[in-house]
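Heads up: the structure comes next, in structure tokens.
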Amino acid sequence: IAPVRFDGEKVFRVKPQDEKQANIINDLAKINELDFWYPDAIHHVAANMTVDFRVSEKESQSIQFVLDQNKMHYEILIHDLQEEIEKQFDVKED
Amino acid sequence: IPKRHSYAKYNNWEKIVAWTEKMVNKHPEMVSRIKIGSTVEDNPLYVLKIGKKDKRRKSVFMDCGIHAREWVSPAFCQWFVYQATKTYGKNKIMTKLLDQMNFYVLPVFNVDGYIWSWTKNRMWRKNRSKNKNSKCIGTDLNRNFNASWNSFSDTKNPCKETFRGPAPESEKETKAVTDFIRSHLKSIKVYITFHSYSQMLLLPYGYTSKLPPNYKELAKVAKIATDVLSTQYETRYIYGPIESTIYPTSGSSLDWAYDLGIKYAFAFELRDKGKFGFLLPESQIKPTCKETMLAVKFIAKYVLQHTS
Chain A
1 IAPVRFDGEK
11 VFRVKPQDEK
21 QANIINDLAK
31 INELDFWYPD
41 AIHHVAANMT
51 VDFRVSEKES
61 QSIQFVLDQN
71 KMHYEILIHD
81 LQEEIEKQFD
91 VKED
Chain B
95 IPKRHSYAKY
105 NNWEKIVAWT
115 EKMVNKHPEM
125 VSRIKIGSTV
135 EDNPLYVLKI
145 GKKDKRRKSV
155 FMDCGIHARE
165 WVSPAFCQWF
175 VYQATKTYGK
185 NKIMTKLLDQ
195 MNFYVLPVFN
205 VDGYIWSWTK
215 NRMWRKNRSK
225 NKNSKCIGTD
235 LNRNFNASWN
245 SFSDTKNPCK
255 ETFRGPAPES
265 EKETKAVTDF
275 IRSHLKSIKV
285 YITFHSYSQM
295 LLLPYGYTSK
305 LPPNYKELAK
315 VAKIATDVLS
325 TQYETRYIYG
335 PIESTIYPTS
345 GSSLDWAYDL
355 GIKYAFAFEL
365 RDKGKFGFLL
375 PESQIKPTCK
385 ETMLAVKFIA
395 KYVLQHTS
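Chains as they are written, first to last, in my numbering: chain A, 1 to 94; chain B, 95 to 402.
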């Protein structure tokens, strides 16, 4: 199996302000492949908590559209995960 | 020449195994390696025992790497062993601790998952066991402990990241750790498990909003430990019970250890707060380890002074 690459994948940070917005994230998780970084899983998502999730490049546009359409607070923590994976090794060999 | 082990870098499993052998050979009077079991894919589970070989003493059990992608966690366990052996006889607190306590350090709990996160999928979290009647692989080892194991229905889907496994302690890794802790229960006074990220110091419980009987004391220790941690680089941690600080969780090692009788049980969520998340750059490994070291030494010293 070739190693998985994460080119163009993004990590979103969303702050659902209320139950309705928390449910929107729930609905997004039903139709998209969201990898929850914080909290560990969708069933922990609630209003007024910080939610971080990873999503493929392809799905990120539609996610962003829904978040914008619902005027949700969000930021993109990581714009290209593969790049970040390579950048984590930022200490030279001894 | 294969690249060497480095405390300033992330090390793959092969390097960590070689490093355990090196530590035993370099410090035979203080470090011994115990094979407590093996993983689903037959990798060894090694605990390093740090301390003098003489009579039974109070001890601390620390585990790292229960979730594969949380790489800074195993980096801390390696740093701890390095600092313990390097500063014994030089640093007053570490000398006092090692003169009177043992430390059992499990550098990587989820070995198969860790290897997979290096070789195939950097975002992997669970172990690598196969699940009956499912194409999905892996159990979340931190939902597999017998602590209100099946109280949340959303952990029974093998395709989810928080799958609890088919039964409590169903995973070889979990069983190896619980058997070891049960067989050393008389001496183990502190249980500490290391995760990332969020910068939190977590206390029991996760499976209930009920506070543990000695919560006031645990909260006092956690407050001082996080204050001490922040003296190094002003890194801010919050602390509190899992359930109300993050969210309700079942089957966690922290709750299991506490309910087994280890009344000083803590879970660290190391750096950072999301800027890099699991992909914390290596340049932050040393600062993270140095500040965490202060908190761990305080906790151990407190328990040494406050337990019979």
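Ideal Cβ placement from N, Cα and C applies to all residues, glycine included. Predicted, not measured: the structure shown is a model, and the values here were computed from it.
By the Cβ test, the stretch 181 to 194 of chain B is not in contact with the stretch 228 to 239 of chain B, since fewer than three Cβ pairs between them sit closer than 8 Å. Non-local C-beta neighbours of Ile-25(A) in its own chain, meaning closer than 7 Å and more than five positions away in sequence, comprise Val-14, Pro-16, Val-45, Val-51, ordered along the chain. Only exposed fits Thr-213(B), as fewer than 16 other CB atoms lie within 10 angstroms of its CB.
At a cut-off of 8 Å between beta carbons, Pro-168(B) makes no contact with chain A. Distance from Ile-160(B) to Asn-204(B) at the Cβ level is roughly 5 Å; contact confirmed, criterion being Cβ atoms closer than 8 Å. According to DSSP, Phe-362(B) shares a beta bridge with Phe-288(B), Leu-295(B).
The Cβ neighbour count for Ser-247(B), taken over all protein chains shown within 10 Å, is under 16; the residue is labelled exposed.
Pairing Gly-259(B) with Asn-238(B) gives a Cβ-Cβ distance under 8 Å.
Among the bridge pairs identified by DSSP, Pro-138(B) is matched with Ser-132(B).
Between Gln-88(A) and chain B, the shortest Cβ-Cβ separation is below 8 Å. Closest by C-alpha distance to Gly-355(B), out of Leu-296(B), Tyr-285(B), Ser-402(B), is Tyr-285(B).
The three-state reading of DSSP puts Ile-187(B) in helix, counting H, G and I together. Residue range 107 to 120 is occupied by the alpha helix (DSSP H) that includes Met-117(B). The residues Arg-127, Tyr-140, Leu-142, Pro-201, in chain order, have a CB closer than 8 Å to that of Thr-114(B) in the same chain once the five nearest residues on each side in sequence are set aside.
Listed along chain B are Ile-340, Tyr-341, each with a C-beta nearer than 8 Å to that of Pro-39(A).
Contacts between Asp-35(A) and chain B, judged by CB atoms closer than 8 Å, involve Met-217, Glu-255 in chain order. For the pair Asn-137(B) and Val-199(B), the Cα-to-Cα distance works out to about 17 Å. Between Tyr-299(B) and Ile-336(B), the C-beta gap is smaller than 8 Å, which places the two residues in contact. Across the structure, Lys-109(B) and Asn-119(B) are spaced so that their CA atoms are roughly 15 Å apart. Straight-line measurement puts the Cα of Pro-122(B) at about 36 Å from the Cα of Tyr-331(B). Chain A has no Cβ within less than 8 Å of the Cβ of Pro-381(B). Of the residues Cys-171(B), Arg-98(B), Gly-131(B), the one whose Cα lies closest to the Cα of Lys-380(B) is Cys-171(B).
Note on Cys-383(B): 16 or more other CB atoms within 10 angstroms of its CB, so buried under the neighbour-count rule. In terms of CA proximity to Glu-83(A), Phe-6(A) leads the group Glu-93(A), Met-72(A), Phe-6(A). Distances from the alpha-carbon of Trp-243(B) to those of Leu-191(B), Asp-349(B), Phe-155(B), Thr-272(B) put Asp-349(B) closest. From the listed residues Ser-344(B), Ala-359(B), Tyr-358(B), the smallest Cα separation to Asn-236(B) is found for Ser-344(B). Cβ contact annotation for Val-125(B) (same chain, cutoff 8 Å, sequence separation greater than five): Met-117, Val-118, Leu-142, Lys-143, Ile-144, Val-175, Thr-179, in chain order. Sequence-distant partners of Met-195(B) (beyond 5 residues in either direction) whose C-beta falls short of 7 Å from its own C-beta, in its chain, are Gly-145, Arg-151, Lys-152, Ser-153, Val-154, Ala-394, Leu-398. For a cut-off of 8 Å, the C-beta gap from Asp-234(B) to Phe-257(B) is around 6 Å, short enough to register as a contact. Runs of alpha helix (DSSP H) with 4 or more residues, each lying fully within the stretch 238 to 289 of chain B, are found at 266 to 277, listed in chain order. Within 10 angstroms of the beta-carbon of His-289(B) lie 16 or more other beta-carbons, which makes it buried. The residue among Lys-103(B), Thr-320(B), Ile-275(B) with its C-alpha nearest the C-alpha of Tyr-352(B) is Ile-275(B). At a cut-off of 8 Å between beta-carbon atoms, Glu-135(B) makes no contact with chain A.
Within chain B, the residues Gly-368, Lys-369, Phe-370, Gly-371 have their CB atoms less than 9 Å from the CB of Leu-77(A), given in chain order.
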